[in-house]
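What follows is one structure encoded as structure tokens, with my remarks underneath.
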Amino acid sequence: MEWKSYGRRRVYDSPYVEVWLDDVDIPGIGRIDHHVITMPKASVTSVVTNEAGDFLLLYRHRFITGRWGWEVPAGWAEPGEDPAAAIAREIEEETGWRPGKVEPLVEYDALAGISTMHFRSFHATGCAQVGVPVDSSEGKVEWLPEVEVVKLLTSGNVADGPSLAALSYYLGPHRLA
1 MEWKSYGRRR VYDSPYVEVW LDDVDIPGIG RIDHHVITMP KASVTSVVTN
51 EAGDFLLLYR HRFITGRWGW EVPAGWAEPG EDPAAAIARE IEEETGWRPG
101 KVEPLVEYDA LAGISTMHFR SFHATGCAQV GVPVDSSEGK VEWLPEVEVV
151 KLLTSGNVAD GPSLAALSYY LGPHRLA
């Protein structure tokens, strides 16, 4: 059964996020105001590997959750920017490594019940170091062997949802395809 929408009103907006209240009729429940979070820019992430099978990750602090953790490079595609070009730019800006090849990995809706946030994940290879990270707030950048990445995943040291999804997909279903 589909919900029926009767309109929406904006509660908040910025260049990064918009919050709306949608007037919806939910079958079996009735008419309610339902909050919706929209993202004006497309979200992109990438699993970055080298010929030795190592993974390029960032160790950083997220003040909202108060946690340190390992993450894959990620960011936003500007309006009209090709998502693959956007993640190549983000990888270089965040790590100082320029990818040689960027291929689609998986797409998913991160918070389908309340948000339009849609992630496009890529696999980047053939990286060449071209400098240092542009933004020093990104944290520590390291190449880690697969066995260490698996340990990080299973110990909760990759808590960022987009990183957890991209790495898990790469290490699992991607290899079976």
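Residue numbers for the sequence shown, in the UniProt record's numbering: 1 to 177.
Every residue, glycine too, gets a C-beta built ideally from N, C-alpha and C.
| query | result |
| --- | --- |
| Beta carbon of Val92 nearer than 9 angstroms to that of Val44 | According to the sequence displayed, residue 92 carries Glu and not Val. The answer is no: Cβ separation not under 9 angstroms. |
| Own chain, CB closer than 8 angstroms to Tyr108, minus 5 neighbours either side, in chain order | His118, Phe119, Ser121 and Ala165 |
| Alpha-carbon to alpha-carbon, Trp3 and Gly161 | 27 angstroms |
| Classification of Phe63 by the beta-carbon crowding that lies within 10 angstroms, buried from 16 upward | exposed |
| Candidates Thr38, Glu18, Ser5 and Ser14: closest to Asp25 by CA position | Ser5 |
| Cross-strand partners of His35 (DSSP beta bridge) | Leu21 |
| C-beta contact flag for Pro104 and His123 at 9 angstroms | yes |
| Own chain residues within Cβ distance below 8 angstroms of Lys140, not counting five before or after | Leu58, Tyr59 and Arg60 |
| Beta-carbon contacts of Val106 that lie in its chain and below 6 angstroms, excluding the five residues immediately before and after | Ser121 and Tyr169 |
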